[in-house]
Amino acid sequence: MDALPEHMNIMAAPEPAVAESLGGQGHLELDQVSKSYGHEHALLPTSFQVRNGEFVTILGPSGSGKTTILRLIGGFTQTSSGRILVDGKDITRLPPNRRPCNTVFQDYALFPHKSAAGNVGYGLMVRKVAKAEALRRVDEALQLVGLETMGQKFPSQLSGGQQQRVALARSLVCQPRVLLLDEPLSALDADMRRQMQQFLKRVQREIQTTFVFVTHDQEEAISLSDRIVVMSKGKVEQIASPYEIYYRPETHFVATFLGDNNLMDGTVRDGGGVDLPIGPVACATDGRGKGEKVYAAIRPERIGLARTIEAGKTGIECSVAEIGFAGAMTTVRVRPNSMPDLSLLVKVTSGRWIEDLTAGASVFATFDPADISVFSRTAP
Amino acid sequence: MDALPEHMNIMAAPEPAVAESLGGQGHLELDQVSKSYGHEHALLPTSFQVRNGEFVTILGPSGSGKTTILRLIGGFTQTSSGRILVDGKDITRLPPNRRPCNTVFQDYALFPHKSAAGNVGYGLMVRKVAKAEALRRVDEALQLVGLETMGQKFPSQLSGGQQQRVALARSLVCQPRVLLLDEPLSALDADMRRQMQQFLKRVQREIQTTFVFVTHDQEEAISLSDRIVVMSKGKVEQIASPYEIYYRPETHFVATFLGDNNLMDGTVRDGGGVDLPIGPVACATDGRGKGEKVYAAIRPERIGLARTIEAGKTGIECSVAEIGFAGAMTTVRVRPNSMPDLSLLVKVTSGRWIEDLTAGASVFATFDPADISVFSRTAP
Amino acid sequence: MMNPVSRISLFVLVALVPSVFVLLPTIAFVANSFFAVENGQIVPTFTLSNYAAFLQQPEYWGVFVNTLGLCLQVSIICLVFGLPVAWFIWRLPERNRYPMLFVVILPLFMSYVVKLFAFRSILGLNGFLNQLLVASHLIDKPQMAFLFSRDAIVLTQASMFFPYMVLPIFLNLERIPHSLTQASSDLGASAGMTFREVVLPLTMPGVVAGLVFVFIMSLGDYITPQMVGGMMGHTFGRVVWSQFGVTFNWPLGASFGVVLVLVCAALVGAVGMTSRQQRI
Amino acid sequence: MMNPVSRISLFVLVALVPSVFVLLPTIAFVANSFFAVENGQIVPTFTLSNYAAFLQQPEYWGVFVNTLGLCLQVSIICLVFGLPVAWFIWRLPERNRYPMLFVVILPLFMSYVVKLFAFRSILGLNGFLNQLLVASHLIDKPQMAFLFSRDAIVLTQASMFFPYMVLPIFLNLERIPHSLTQASSDLGASAGMTFREVVLPLTMPGVVAGLVFVFIMSLGDYITPQMVGGMMGHTFGRVVWSQFGVTFNWPLGASFGVVLVLVCAALVGAVGMTSRQQRI
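Read top to bottom, the protein sequences are chains Z, X, G and P. Residue numbers for the first sequence follow numbering that gives the first Met the number 0, beginning at 0 and rising by one. Residue numbers for the second sequence follow numbering that gives the first Met the number 0, beginning at 0 and rising by one. Residue numbers for the third sequence follow numbering that gives the first Met the number 0, beginning at 0 and rising by one. Residue numbers for the fourth sequence follow numbering that gives the first Met the number 0, beginning at 0 and rising by one.
See the structure below:
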């Protein structure tokens, strides 16, 4: 049996023995850190903590300040205000070569005139680690990233994914308390990218080093992280687990930036629940007062479609406007018969009955009020 | 109500009146077309047809020959053998400027010294179209791509997505019989890319021009195309609808290249059905003879998980090895109790009961034998 | 990222070297142009008489304007031949492109004196040209006129500075993505149209750079006029030279030199301004 | 993409122009070096006697070797000062980088004669240096020795060719992504270590190009030795020159010129070979 597709073989788990000597679990704290260039604010005062061994992703579109945060932690840019602490020690004014963090750069930044082993051993050579120990640790690091036979190759002889792994090994061999990753997968094609995501996740789980990962790719953030920091325009929008970020957004930006969503304007009802265009819905309102203007969001996959409706359940009668096959899921756009100007996006696992659906067909859209998340319509 | 996320507004349908004067529905035929450089075969003899107004995607990893095909059709590379016909007319030896196709280049190839309108009007200027008519058609094309107010901007003043749309308008204004698109979305970030996919699909539906689209992105191919040509190593692996390519792969490459899949070695049984490691399964074998070595593939989302099993149904008792939240879907890796060395990948719409699942839990994996597709283990 | 001591010592080094190598000679030269000459001795007192001499004496003006014309002629000849050559090299298959470029810019690696005498051996009384023409009975006897004429200066300078035109244009062409010419062809343009509408406009910075290079080098050259120009070689470069080497009026020569440098700087500045306003 | 007629006419044009401008002078020159001189007249018969003269006469050899040493010295001085200057410019904030580079390479736009006389006005008997030293009572009376010495040649050539060293090194540095030096610092290296381990190895092509440029220009220069070298300025470039301008033995001068060109070509070739073997 060969249930794992062949191309996933690089995911083979590293030897546990190897993992122990690499990396460390640092605690990172940003305390009102900001950065401005003249009157332009690249980063508004921002505070958050990353726990020991946590995998935190900073997610945002370009220009949201996510890379600025990473460069401030790495020491390549000076803070305008605030403090950065690792394990309680203030590193705000230290130069990069004296910080207990290492960075995996977006372009890998491999030294083209050094072999893979030479690149990985660079941090040890600089620290004047004894040759025998350095050799052993370089070997260990190359083994961790599955390149034990590639040590003598030069970067130009390696594929994008291999270069990526050399860059990772080069940083980890320095045993950083915190590893910073600056969109490390953005230069890879879709297939290699998926492989490297799973590889990264596995490595992090093995060596338990604190990871701070920057990306603009929502799927990447969701599948890799313990927690996600969503950024927009130099400001933190929400910090939470992928599940909460996805299903319990707290701002309009978060609700629309991560994947598809259905968003409706609503007003909080007296005694709980929300008035929506499709009628009153008994969803949680987190103690919001009557009459407060809110957004109500429901994910397309949390809406069900049925040809007929079971007794005792309620559903909105709709007609199918558009059907799109998208691999594992099929997206269906439906319009409620009662308000044909509106459209709801629904995602259903591809299956036989949905494949028979055609545009114009009549269906019932059903949902559980508990799946509707509500957040304020005024910016916080 | 605001069911459409804000950032999808560019999908607004163009005026039908505009669409009529743009593009044409050409019929494209490749007849044993090949290309080799010395002894290296970039493309083995390949034949296929693209019907009038069809959206055909050529999908493959880099080096699979997909871009070679496009360059041969566009006339930027000379064929080594074979004929290319548009609407039955042999264009194999025509220079690019005399072919009834236009290309949207990967890097857009906008003229940096000309405005958006100047770029769009280039093909008309070259054809010495009267000024008034040229102006009207440029306006129409810009309107089609939603840039009617951007005509005076220069490419450097436009975003990636806008440049992309100018390139599209520039090609369409020449009314090509066939529009060739060479990975036009690969330079865009994930978000913009999703918008442009939907935009492209909508434009193609409006103007009904024949599209030949090259990409290495499986999701893009699946959601955009009427038919997909899957390429690997200069060879066509399969030509079929996205649904068939996804659920009825005919080669190992196709089965593993498009999204995740579960693949098993099997042997055809006497009287139909296949012997698999998990036991005999009564799936269709398309008249294959007894004892033939085959692969059996089943998509992760076609496997169901249940805590208990309904009477009369069969299921494989498994334990959960790993759970990963991935937004709309949750991936679960399970190991059959009877053969714990194997693992099956299962994808389930994120929902409450699956969220309570923990590693080590006991579940039943169920599937419909009709969802298993079988193909030969020897290369065709 | 660097300790203060090494930062300061580096700064001193870096401030010192350009001063010694670049600024000091320039200052000395400019200062000289404001000095006077009395009894054949340079007297370091401030005077504007050297510049006044340049402005007031028509013979200097005449030579100056004449020289500018000659430089312009050289530049244009270089452009007319250099642009197609650069374009042709650019269109070659990749593996032939740089070898061919190397052949064209090879003379850059040859000594000035070697090149000059190569031209004299072609144009001279017993040169190849005369021998060729006599042997083919096109002329009766060798002509002196090929050498020691204005045309000889133009021809020689154009040949010598030719690589300085080809190089910037070629490097500029190399920066034009091939997809642009392919797109032009794809949209229906012929090769000529593509050249006129796409290649040429995008090559303008290289063309301008080449023109400036050639013009400046032609303006500063005083050896070619002397070697192949004879009496006709009375260019401004030679006037400057004669102030130093013949009449030993250094301050006057220096003031002429400053004028030359200012013209060049104005040219470079003007070009820099216009190219910054362009979108390319 | 082009019709046959225009393709052929273009080819002719392109084949013709380099012939006239580049190949013809070169061929003429090389041919000359195989000719003989009889009674002060050049006789176009094939002879190797010019090359034999070079090989057999120790005085030519001595000057030749001496000149190579001088060129090497000039190249190394340029490197020692040029590398830190290029590095310093590269480390400047982006908005200051190109203005500073422009200041350093400004002398490239100045006429040769202007630069030479600037140096004479510094080093000469009444020059700035002497006046400065006398005024500060470091010496009693002006020294002639500053001018017309081997050191004067080296100093002047080093100053004049300095930009040719800075420019290729700087352009090479510009091609090093800043992420590489950041990565080095990130991995714990000090600024000095980063320079030694990352910047310097990656700049070698620029360093080599600069050395070759300066060496070749120094080798071909016959004017500087004449102007500031005096009797000591008996370099090989002047020997070549004197064959043309003084003794009028053109074939001998041409053969010397060919030797010069061959040395330069060998140098460029050798560098090209080694740099191709490198991975950078």
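Don't be surprised by glycine CBs; every beta carbon is placed ideally from N, CA and C.
Terminal residues of the alpha helix (DSSP H) in which residue i lies
i	result
cysteine 70 of chain P	57-90
histidine 251 of chain X	251-256
serine 101 of chain P	The question names serine, but residue 101 of chain P is phenylalanine in the sequence shown. 93-104 is the span of the alpha helix (DSSP H), which, as asked, contains phenylalanine 101 of chain P.
leucine 218 of chain G	199-219
phenylalanine 169 of chain G	149-173
serine 170 of chain Z	159-171
Sequence-distant residues of its chain with Cβ nearer than 7 Å to residue i (five each side left out)
i	result
alanine 320 of chain X	Arg332, Val333, Arg334, Ser342 and Ala358
glutamate 19 of chain Z	With a pLDDT of 42 at glutamate 19 of chain Z, under the threshold of 50, the modelled position of this residue cannot be trusted; read the value that follows with caution. Cβ within range, chain order: n/a, list empty.
Contact check, residue i vs residue j, beta carbons under 9 Å
i	j	result
phenylalanine 116 of chain G	glycine 236 of chain P	no
glutamate 39 of chain X	serine 349 of chain Z	no
glycine 191 of chain G	alanine 85 of chain G	no
leucine 218 of chain P	cysteine 70 of chain P	yes
phenylalanine 212 of chain X	serine 231 of chain X	no
valine 85 of chain X	glycine 25 of chain X	yes
aspartate 106 of chain X	alanine 186 of chain X	yes
threonine 46 of chain G	phenylalanine 34 of chain G	yes
leucine 304 of chain X	valine 345 of chain X	yes
valine 227 of chain P	leucine 122 of chain P	yes
alanine 182 of chain G	serine 32 of chain G	no
methionine 149 of chain Z	glutamine 161 of chain Z	yes
phenylalanine 110 of chain X	tyrosine 121 of chain X	yes
methionine 159 of chain G	lysine 114 of chain G	yes
alanine 239 of chain Z	valine 165 of chain Z	no
proline 248 of chain X	alanine 296 of chain X	yes
Pairwise C-alpha distance: residue j and residue i
i	j	result
valine 270 of chain P	leucine 107 of chain G	17 Å
threonine 155 of chain G	alanine 27 of chain P	14 Å
tyrosine 36 of chain Z	threonine 76 of chain Z	11 Å
serine 170 of chain Z	proline 176 of chain P	18 Å
leucine 67 of chain P	glutamate 173 of chain G	36 Å
aspartate 216 of chain X	alanine 189 of chain Z	6 Å
alanine 264 of chain P	glycine 209 of chain P	15 Å
glutamate 236 of chain X	glycine 145 of chain Z	30 Å
valine 133 of chain G	threonine 202 of chain P	55 Å
phenylalanine 47 of chain X	histidine 251 of chain X	21 Å
glutamine 72 of chain G	serine 184 of chain G	35 Å
isoleucine 9 of chain Z	isoleucine 75 of chain P	Low local confidence applies: a pLDDT of 33 at isoleucine 9 of chain Z is under 50, so the model's placement there is unreliable, and no value is given.
Start and end residues, beta strand (DSSP E) containing residue i
i	result
alanine 320 of chain Z	315-325
lysine 200 of chain Z	Counting along the chain, lysine 200 of chain Z falls outside any beta strand (DSSP E), though it belongs to the alpha helix (DSSP H) covering 189-206.
glutamate 28 of chain X	27-36
leucine 184 of chain X	Segment: none, leucine 184 of chain X is in no beta strand (DSSP E) and carries neither H nor E.
Cut-off 6 Å between Cβ atoms - residues of its own chain near residue i, not counting five sequence neighbours on either side
i	result
aspartate 89 of chain X	Arg82
phenylalanine 210 of chain Z	Phe54, Leu178 and Gln203
alanine 220 of chain X	Thr56, Leu58, Thr214 and Ile227
arginine 287 of chain X	Val267
leucine 184 of chain Z	Arg192 and Met195
Close Cβ partners of residue i (< 8 Å) along its chain, the five nearest in sequence each way excluded
i	result
alanine 381 of chain X	Chain X is shown only over 0 to 379; residue 381 of chain X falls outside these bounds and no answer can be derived.
glycine 233 of chain X	His40, Ala41, Leu42, Leu43, Ser63, Gly64 and Thr67
tyrosine 245 of chain Z	Ile221, Leu257, Gly258 and Arg298
threonine 44 of chain P	Phe34 and Ala35
*What residue ranges within the region 61-95 of chain X form continuous beta strand (DSSP E) runs of no fewer than 3 residues, ordered along the chain?*
80-85
*Unbroken alpha helix (DSSP H) runs of length 4 or more, entirely within the region 219-253 of chain X: which are they?*
241-246
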